[in-house]
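Engineer: The structure's right below; bear with me while I get my questions together.
There are 2 protein chains.
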Amino acid sequence: MDTIKYLLSENQMPDSWYNIQADLPEPMPPVLHPGTGKLITPGDLEPLFPMQLIEQEVSTERFIEIPEQVQSIYRQWRPTPLYRARRLEKALDTPAKIYYKYEGTSPAGSHKPNTAIPQAYYNKIAGTKRLTTETGAGQWGSSLAVAGAFFGLDVEVYMVKVSYHQKPYRRAFMESYGARVIASPSNETESGRKILQEYPNSTGSLGIAISEAVEMAVQDAETKYALGSVLNHVLLHQTVIGIETLAQLEMAGDYPDIIVGCTGGGSNFAGIAFPFIGAKLRGEKQDINFVAVEPAACPTLTKGKYAYDFGDTAHLTPMVKMHTLGSTFIPTGIHAGGLRYHGMAPLLSHIVELGLVEPKAYGQLDCFAAGLSFARAEGILPAPEANHAVKGAIDEALRCKEEGVSKTILFNLCGHGHFDMQAYTDYQAGLLVDLEYSSEEIGMALAGLPVVG
Amino acid sequence: MDTIKYLLSENQMPDSWYNIQADLPEPMPPVLHPGTGKLITPGDLEPLFPMQLIEQEVSTERFIEIPEQVQSIYRQWRPTPLYRARRLEKALDTPAKIYYKYEGTSPAGSHKPNTAIPQAYYNKIAGTKRLTTETGAGQWGSSLAVAGAFFGLDVEVYMVKVSYHQKPYRRAFMESYGARVIASPSNETESGRKILQEYPNSTGSLGIAISEAVEMAVQDAETKYALGSVLNHVLLHQTVIGIETLAQLEMAGDYPDIIVGCTGGGSNFAGIAFPFIGAKLRGEKQDINFVAVEPAACPTLTKGKYAYDFGDTAHLTPMVKMHTLGSTFIPTGIHAGGLRYHGMAPLLSHIVELGLVEPKAYGQLDCFAAGLSFARAEGILPAPEANHAVKGAIDEALRCKEEGVSKTILFNLCGHGHFDMQAYTDYQAGLLVDLEYSSEEIGMALAGLPVVG
Chain A
1 MDTIKYLLSE NQMPDSWYNI QADLPEPMPP VLHPGTGKLI TPGDLEPLFP MQLIEQEVST
61 ERFIEIPEQV QSIYRQWRPT PLYRARRLEK ALDTPAKIYY KYEGTSPAGS HKPNTAIPQA
121 YYNKIAGTKR LTTETGAGQW GSSLAVAGAF FGLDVEVYMV KVSYHQKPYR RAFMESYGAR
181 VIASPSNETE SGRKILQEYP NSTGSLGIAI SEAVEMAVQD AETKYALGSV LNHVLLHQTV
241 IGIETLAQLE MAGDYPDIIV GCTGGGSNFA GIAFPFIGAK LRGEKQDINF VAVEPAACPT
301 LTKGKYAYDF GDTAHLTPMV KMHTLGSTFI PTGIHAGGLR YHGMAPLLSH IVELGLVEPK
361 AYGQLDCFAA GLSFARAEGI LPAPEANHAV KGAIDEALRC KEEGVSKTIL FNLCGHGHFD
421 MQAYTDYQAG LLVDLEYSSE EIGMALAGLP VVG
Chain B
1 MDTIKYLLSE NQMPDSWYNI QADLPEPMPP VLHPGTGKLI TPGDLEPLFP MQLIEQEVST
61 ERFIEIPEQV QSIYRQWRPT PLYRARRLEK ALDTPAKIYY KYEGTSPAGS HKPNTAIPQA
121 YYNKIAGTKR LTTETGAGQW GSSLAVAGAF FGLDVEVYMV KVSYHQKPYR RAFMESYGAR
181 VIASPSNETE SGRKILQEYP NSTGSLGIAI SEAVEMAVQD AETKYALGSV LNHVLLHQTV
241 IGIETLAQLE MAGDYPDIIV GCTGGGSNFA GIAFPFIGAK LRGEKQDINF VAVEPAACPT
301 LTKGKYAYDF GDTAHLTPMV KMHTLGSTFI PTGIHAGGLR YHGMAPLLSH IVELGLVEPK
361 AYGQLDCFAA GLSFARAEGI LPAPEANHAV KGAIDEALRC KEEGVSKTIL FNLCGHGHFD
421 MQAYTDYQAG LLVDLEYSSE EIGMALAGLP VVG
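In order, the protein sequence lines correspond to chains A and B. Under full-length UniProt numbering, read the first sequence as residues 1 to 453, first letter to last. Under full-length UniProt numbering, read the second sequence as residues 1 to 453, first letter to last.
Now the structure itself:
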């Protein structure tokens, strides 16, 4: 009764991404200009992104071809394995079937290269010389560093200052690929200097780091900005995960009743879930539920407001309608750094509002405990972010046990935890606590939301 | 011109290991009892190992079946990919073809689970309840921790004290799987106490840690000892690497002129090379060279003596004929902790003596530089141990360029460096130096070799 792997051959790797905008019952709310509050045009975004990514951002084509060169690099680690977690099922003594898609075999150990590679590619062919970005835990910055090395692009990563100091190994990893890593807030940008003037000891946030990276990009025509989640084109690139999973489940002769993913900016959840949500929207498969798990310490979907907000602290990005805790919200220092963003992908927020996805929040202690149970049964130690999906899946499996029903549960194991051993060290030493925010605390940041329309 | 992956399907995974003892032109020198100096019997080894592993240790059968349950677990990450490093070839501007087999996709990130899983399996079916072992850098201890979790065996790891303190993340990783990790020398064993009495500040060595693990195992019938390299059965288990590679090169329509591997205890080198050396010994393929790369700071094959010696410091293990720097040799603290053993696998030593393998030694600075070039071209950041193989392969490729010949070079990329970021941090900060030993220094440890026969 060992765990089973379902592996596709290389020629079964998808040659297109799936664009859920083609199947939405109603279109997303429009994106607004940060200065004028009016509808944004593709031209407004050109200082930030190459045109092909802007076109993907607004496209309603159902399938968008993956360029041959991107496919060629994907093939270094894709198709990734789908596992039937039979040892975990046995350890939980559940009648449920548990499947997980594993994205940890990429060069950076997570799903992030799925979008870093095409972003670097489209920038390269558009003549970009340098990419700026932000990173929290470091997964995204690492992936863009690898992609930059592949395509000969300079990469500058504004890394949230607290992570810069707490995670020197992540920094060393990015620098190994030739990226330049700057602690944010920094003195290199006006946004950074302004924050430092007001709060000299600021430990930074993703919102601030985004402001710095965007500011640097708009100043120079050969420099563009890259974002590791939130945007439509990023979610699009991640759908390679779910498309592969559909084919792998067909090999297994199965189809999920429940799909679970963790959500920070929303891209790994979208990656596994959107192809299945699309099938549901098109009426092909009805009886399937989707669970988005977020940390209780950054409860964007469960306690945030669905409203227009900025993506960054200095309000340089466009305004988007999303679930948000307010762009001034600075989440507590939980170890799942990839899930600490004040907002959520507007596309996923829209889908949650349509009632297609159920959000849930868990404290980090329960998530680490679930991650260790998973590791001992399945052998893979998950990243702290992925532990949220593991916890969500285990809870569904235990509910099946209580109710005596066998359901098929699928979750996305978006990365391994080999870079996150400080988190596991602290957890095992009993040093971690669960932090939640009161509605008053959340209300304060929300009071600063922009007034729109 | 991207890197190409050659992947076997699951049913092409080998169902037997290859035992090079079947093809040796002359048998290995015998193993001697540590107390009597006489030939050792299988019964002498029974306190340490289950009988099926002892049988593998002395077998001369060419193929030994991989148990179904071991195959089933191997399949979680095997067959592993073989890559044609076309981006690296381009970066080096070499006419050579470079292939690398990648073992970093295992749950522990290295080739070590290839033997940890069968060792745990044979112990489990023999009724063992607890395994003791030693670990230097932590790769082996991590792998045995995972294997112990799979088979419900308690695992106790004596970790070289300097690594225990320098690599807390490795310790946390092992503990995540439920293993108990003890800094060696410890107060838990007589060997440990004796060392501590004489050298209270001892930072330990693999030789000492082996003494402690062996001492604990022999005291209790339900406890056995597991070793991560050096022994014949360990090298046997690793041949799954080379057997897969043979099939993958057949897919590629190629055959290597040169095979490169790094050597600490010898198991990853044996894993990739033995199936090819066997083909050479059987006269199937003649024109192929084998290069074993070791660190200049622990030059067992290049500066050691081929002589009988103990595997451990307290002289509890049998005596074996091998290349050795003397069991009291304490190598300097280079970051390739997996290559810091005073001895070498007797089987590999024998094969080196037969003139079948050419040993080479490199300083760590050149190896780190090679590892970074590799990472930027191929995307994967190698473990410091693996960097020695990378450096060896790059040197061969550059020689091809100089000589204007196209050769086919194969090397084993035995693990990723995600756990070794302190090493890369130190290297990039210019904090590392190359250390070599004078012949006098090496002579001192060698003077203590046992007198045999």
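Don't be surprised by glycine CBs; every beta carbon is placed ideally from N, CA and C.
1. If you draw a straight line from the C-alpha of B/A296 to the C-alpha of B/H388, how long is it?
2. Could you name the residues that DSSP lists as bridge partners for B/E294?
3. Just grab the DSSP bridge partners of A/P25 for me.
4. What residues in the segment 160-174 of chain A have a beta carbon less than 7 Å from any beta carbon of chain B?
5. Measuring only the C-alpha atoms, how far is B/A183 from B/A209?
6. Using only alpha-carbon positions, find the residue among B/N114, B/S205, B/V451, B/M322 that is nearest to B/L354.
7. Which of the residues in the segment 143-157 of chain A, read from start to end, lie with their CB under 8 Å from any CB of chain B?
8. If I measure Cβ to Cβ from B/I66 and keep anything under 8 Å in the same chain, skipping five residues before and after, which residues do I get?
9. For B/V157, report the span of its beta strand (DSSP E) as first-last.
10. Go to B/N412, then tell me how far its beta strand (DSSP E) extends in each direction, as first and last residue.
11. Identify whether A/I330 lies in helix, strand or coil by the three-state DSSP scheme.
12. Output yes if chain B places a C-beta closer than 8 Å to the C-beta of A/R84; else output no.
13. Assign B/Y18 to one of three DSSP states: helix, strand, or coil.
14. Which chain B residues sit within Cβ distance under 7 Å of A/G109?
15. Looking only at its own chain, which residues have a Cβ that is under 6 Å from the Cβ of B/A147, when we skip the five neighbours before and after it?
16. Tell me which same chain residues have a C-beta within less than 8 Å of the C-beta of B/E441, skipping the five on either side of it?
17. Alpha carbon to alpha carbon, how far is A/I98 from A/Y158?
18. Would you say A/T313 lies against chain B (beta-carbon separation less than 8 Å)?
19. Roughly how many whole angstroms lie between the Cα atoms of A/P200 and A/R193?
20. Determine the DSSP secondary structure at A/T324, reduced to helix, strand or coil.
21. Quick check on A/L413 - is its C-beta less than 8 Å from some C-beta in chain B?
22. At least one CB of chain B closer than 8 Å to the CB of A/I380: is that the case?
23. Please list the partners that B/T3 has in chain A, where partner means a Cβ-to-Cβ separation under 7 Å.
24. Under 9 Å between beta-carbons, which chain A residues line up against B/T425? List them in chain order, please.
25. Between B/G138 and chain A, is the shortest Cβ-Cβ distance under 8 Å, so that the two count as touching?
26. Got a sec: is the Cβ-Cβ distance from B/A375 to anything in chain A below 8 Å?
27. Taking all protein chains shown into account, do 16 or more other C-beta atoms lie within 10 angstroms of the C-beta of A/S176, making it buried, or fewer, making it exposed?
28. For B/S142 and A/P47, I'd like the C-alpha separation in whole angstroms.
29. Find the nearest neighbour of A/I330 within the set A/G343, A/P318, A/K90, judged by alpha-carbon distance.
30. Does the beta-carbon of B/D220 have 16 or more other beta-carbons within 10 angstroms, so that it is buried, or is it exposed?
31. When we look at the beta-carbon of A/P25 and count the other beta-carbons within 10 Å, is it buried (16 or more) or exposed?
32. How about the segment 374-394 of chain A and the segment 355-362 of chain A: do they share at least three Cβ pairs that are nearer than 8 Å?
33. If you check the beta carbons only, do A/H315 and B/F419 fall under 8 Å apart?
34. Name the two residues that bound the continuous beta strand (DSSP E) containing B/D309.
35. Which stretch, first to last residue, makes up the alpha helix (DSSP H) that contains A/S184?
36. According to DSSP, A/S110 sits in a beta bridge with which residue or residues?
Structural biologist: Walking through what the data contain:
1. 10 Å
2. B/A361
3. Its beta-bridge partners do not exist; DSSP assigns none.
4. P168, Y169, A172, F173
5. 9 Å
6. B/M322
7. V146, A149, F150
8. P14, D15, S16, W17, Y74, P118, V240
9. 154-160
10. Counting along the chain, the beta strand (DSSP E) containing B/N412 begins and ends at 408-413.
11. In the structure shown, A/I330 sits in coil (DSSP, three-state: anything other than H, G, I, E or B).
12. no
13. strand
14. H418
15. A116, I117, A120
16. None.
17. Their backbone Cα atoms lie some 38 Å apart in a straight line.
18. no
19. If I take the Cα positions, the gap works out to 9 Å.
20. strand
21. no
22. Cβ-Cβ to chain B under 8 Å: yes for A/I380.
23. Q76
24. For B/T425, the neighbours in chain A by C-beta distance under 9 Å run, in chain order, P168, Y169, R171, A172, E175.
25. no
26. Put simply, the CB of B/A375 is near chain A, with a gap under 8 Å to one of its CB atoms.
27. So A/S176 counts as buried.
28. 48 Å
29. A/G343
30. Exposed is the call here.
31. So A/P25 counts as exposed.
32. yes
33. no
34. Counting along the chain, B/D309 sits inside the beta strand (DSSP E) bounded by residues 305-310.
35. Looking at the DSSP string, A/S184 is not in any alpha helix (DSSP H); the run it does join, the beta strand (DSSP E), is 180-184.
36. DSSP, once it has assigned bridges, lists A/G415 as partnering A/S110.
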